[in-house]
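Have a look at the structure below, then the notes.
Residue numbers (the numbering used here), protein chains in the order written: chain A, 1 to 423; chain B, 1 to 423.
Written out as structure tokens, the structure reads:
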């Protein structure tokens, strides 16, 4: 089945907004085994919209249109959809009532110009939008089924899951029971993981498990799309494959599905009544910022210290300057111990970065000295990362948090990663 | 002149990569007075690329193609460009030599598959790429001039400025002397600034100054595009308009052009031999993270404290718990004073957030208590921001830094902003 996406709106076409709706739709379709073949971006312009609709209607089997369903004069999707389909616009009483009650629930009267959002092509099938006043709808233009969706990301995402994807799967004849399993890892590059996982798809012989990746440095997401007749069938197919993925990627898997690395750390500490103190230099607060604002972090996050050099760090944690005079693992450990006491935490994580000299460049690097302290124990790790200031900074944040996860879960803190270079 | 953009590549079409190249190109063209009329996204697929080239060549006067110039087998732009233009591919000796010396300068031998990057359509005009091996080129397909650019953002950006925009301006017949003046503000919404600046374009009667905005919460960028016969003409036209913008937006302008808010703070402190300590709660390290990693921040950033509540803050800055027991401006001031002493800085900024209870929602809010201390002085400000956890967090970071800028420059710290709500 040939699927296209048309994104509309002057703000998207002019680049004022980066078009993340497109990538979200395309990724979600890929997750369920569908492929987008062509993307078109046009502005709020009658002629351009009409041409885009007619051309896509001549090429595709299904077209998702995003944007142009709002109440203002430059929202043209319904009008041009009707014209391209050769039908009239008519007031949809059902949607008008929905909108009026939407405003009523918010103790407001519907402004008159919202009435426009209930003007739909006469052949339109409504696609429900439970979180906004923009009415999604579907109709045929040319040989394609067009699905019109709102530009507001929150509304689009919900409609995509609940209305659009089920309809596309039904049209495609693909089995509609589909599950996306995700693993989040740090430390192994995409091609390395691809090699490590060679053949896992074949553990299920009928091709119903598909492997994919999404890399956003420093993390890598490994995705398994599983297709089946029902939930039980999917679980049976997924079980051996996910067991194998867990085995092969081992300690590198930090989190699965909607879990996050920082969420796992928070949950593990909270489960033990533990608390966390952080000390960081070049990462400049980014390690604390991953944990401190989380819902539920109040009782766990005991505080953080940010500084540029060891003397400042020493001063902040009441440590004699002499102890922390040198960039060494011993100094990092001493600092973690002192910070734990000073900030009154069960665990302290110190991530100190010794940056190369000079201007930023592609082989600019930093040496990361990382220590974790509890009341009775200390662990530490040294690593060198190259790739420019930002690359080092983001890598140090991730390595710090990942080593803390490893420590909390009793896994080795010193496991070599792909991004690491020898000194 | 009708301009289109074609973005190519499976990673862009499938949404693995968010297409920020498109928005960058479109914005930069708008900055110089050119308008993109149509965008197309296709994968690494011969038929789709051919159709996209031929269709755009039938509609447009100029087409920018992005991506597909690499050395691998799925990089197809040169091949399909030649086919669509009805010409042959031939080895371009000039570019081959350029590539060989490119590798030589890096003490490497050119891998054989890079040779493919020098295979260009015989009618191609080279667009120089001083920072990579992908050869940009221009040629005619249909009635349009096609400009082929690399997908690597760094290479694209340079080629766009140096090769593509000058050619498009020349073809459009627009005056090619163009200047983009930018103002960065915090605290006024886009429609408010639009109203405040009504008529400034008309201070130059010939329509050669155009006003635009780019909003990325919490900051707003106000842009003036000025067209003229030469640099002197542009400066003469810009002078009265930028003076008026500065007058009307006043203290809300934090930085201009490539300056940043944090850069201004760093520069101002460095110029006085000053140093900065930060204390923050819900912002969780993000305030420190804006300053601490900057080039040149070592002598200025004295350290930061991150905590979740006042008791933790008090403990970290050696302040008696009683003083900082309550969320009040007096407590914030006491904390700023103590942090300044503890971290040994000339200036301390404390940003404390008292968050609403309960789950995240659109009217979730926070009360921001902000204090700045020096050896002899203290300033403070209270504000309430609504809009969800992230909105409050980002707003508090920006407000904290902006108030520090205001304080350092002798401007009022307590100036009401649009994002602020009454309690």
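Even glycine gets a Cβ: it sits at the ideal position worked out from N, Cα and C.
Give a yes or no on whether 8 Å exceeds the smallest Cβ distance from residue i to chain A.
{"i": "residue 66 of chain B", "result": "no"}
{"i": "residue 156 of chain B", "result": "no"}
{"i": "residue 38 of chain B", "result": "yes"}
{"i": "residue 179 of chain B", "result": "no"}
{"i": "residue 41 of chain B", "result": "yes"}
{"i": "residue 146 of chain B", "result": "no"}
{"i": "residue 214 of chain B", "result": "yes"}
{"i": "residue 23 of chain B", "result": "yes"}
{"i": "residue 32 of chain B", "result": "no"}
{"i": "residue 13 of chain B", "result": "yes"}
{"i": "residue 102 of chain B", "result": "no"}
Who are the near neighbours of residue i in its chain, counting only those whose CB is closer than 8 Å to its CB and skipping five residues on each side?
{"i": "residue 100 of chain A", "result": "110"}
{"i": "residue 29 of chain B", "result": "3, 35, 36, 165, 168"}
Within the continuous alpha helix (DSSP H) that includes residue i, where are the two ends?
{"i": "residue 165 of chain A", "result": "165-172"}
{"i": "residue 268 of chain B", "result": "261-271"}
{"i": "residue 48 of chain A", "result": "46-59"}
{"i": "residue 242 of chain B", "result": "231-249"}
{"i": "residue 424 of chain B", "result": "In the structure as shown, chain B starts at 1 and stops at 423, and residue 424 of chain B therefore has no counterpart that could be examined."}
Taking all protein chains shown into account, decide if residue i is buried (16 or more other Cβ within 10 angstroms of its Cβ) or exposed.
{"i": "residue 340 of chain B", "result": "buried"}
{"i": "residue 376 of chain A", "result": "exposed"}
{"i": "residue 265 of chain B", "result": "buried"}
{"i": "residue 237 of chain B", "result": "buried"}
{"i": "residue 73 of chain B", "result": "exposed"}
{"i": "residue 337 of chain A", "result": "buried"}
{"i": "residue 231 of chain B", "result": "exposed"}
{"i": "residue 281 of chain B", "result": "buried"}
{"i": "residue 398 of chain B", "result": "buried"}
{"i": "residue 40 of chain A", "result": "buried"}
{"i": "residue 416 of chain B", "result": "exposed"}
{"i": "residue 342 of chain B", "result": "buried"}
{"i": "residue 360 of chain B", "result": "exposed"}
{"i": "residue 26 of chain A", "result": "buried"}
{"i": "residue 122 of chain B", "result": "exposed"}
Got a sec? Which residues, its chain only, sit under 7 Å from residue i by beta carbon, not counting five neighbours each side?
{"i": "residue 154 of chain A", "result": "131"}
{"i": "residue 208 of chain B", "result": "226, 227, 228, 237"}
{"i": "residue 220 of chain B", "result": "185, 188, 190, 193, 213"}
Can you check which of these residues, the options, is closest to residue i by C-alpha distance?
{"i": "residue 128 of chain B", "options": "B:69, B:89, B:141", "result": "B:69"}
{"i": "residue 257 of chain A", "options": "A:293, A:185, A:234, A:317", "result": "A:185"}
{"i": "residue 371 of chain A", "options": "A:388, A:355, A:351", "result": "A:351"}
{"i": "residue 434 of chain A", "options": "A:47, A:394, A:51", "result": "Missing from the structure shown is residue 434 of chain A; chain A here goes from 1 to 423 and no further."}
{"i": "residue 330 of chain B", "options": "B:381, B:317, B:311", "result": "B:381"}
{"i": "residue 116 of chain B", "options": "B:92, B:420, B:107", "result": "B:92"}
{"i": "residue 59 of chain A", "options": "A:146, A:45, A:348, A:243", "result": "A:146"}
{"i": "residue 86 of chain B", "options": "B:50, B:103, B:65, B:67", "result": "B:50"}
{"i": "residue 88 of chain B", "options": "B:16, B:124, B:299", "result": "B:124"}
{"i": "residue 210 of chain A", "options": "A:77, A:245, A:47", "result": "A:245"}
{"i": "residue 313 of chain A", "options": "A:293, A:220, A:44, A:278", "result": "A:278"}
{"i": "residue 120 of chain A", "options": "A:177, A:107, A:77", "result": "A:77"}
{"i": "residue 204 of chain B", "options": "B:242, B:302, B:33", "result": "B:242"}
{"i": "residue 400 of chain A", "options": "A:286, A:202, A:48", "result": "A:286"}
{"i": "residue 216 of chain A", "options": "A:391, A:12, A:21, A:6", "result": "A:391"}
{"i": "residue 38 of chain B", "options": "B:62, B:46, B:16, B:45", "result": "B:62"}
{"i": "residue 33 of chain B", "options": "B:420, B:250, B:180", "result": "B:180"}
Quick one: does residue i have its CB under 8 Å from some CB of chain B?
{"i": "residue 152 of chain A", "result": "no"}
{"i": "residue 26 of chain A", "result": "yes"}
{"i": "residue 308 of chain A", "result": "yes"}
{"i": "residue 284 of chain A", "result": "yes"}
{"i": "residue 172 of chain A", "result": "no"}
{"i": "residue 416 of chain A", "result": "no"}
{"i": "residue 319 of chain A", "result": "no"}
{"i": "residue 298 of chain A", "result": "yes"}
{"i": "residue 220 of chain A", "result": "no"}
{"i": "residue 16 of chain A", "result": "yes"}
{"i": "residue 305 of chain A", "result": "yes"}
For the beta strand (DSSP E) that residue i lies in, which residues bound it at each end?
{"i": "residue 379 of chain B", "result": "378-386"}
Spatial neighbours of residue i within its chain, please: CB distance less than 6 Å, with the 5 preceding and 5 following residues excluded, ordered by chain position.
{"i": "residue 270 of chain B", "result": "300"}
{"i": "residue 367 of chain A", "result": "354, 384"}
Strictly below 7 Å CB to CB, what residues from chain C border residue i?
{"i": "residue 344 of chain A", "result": "Protein chains in the displayed structure are A and B, and chain C is not among them."}
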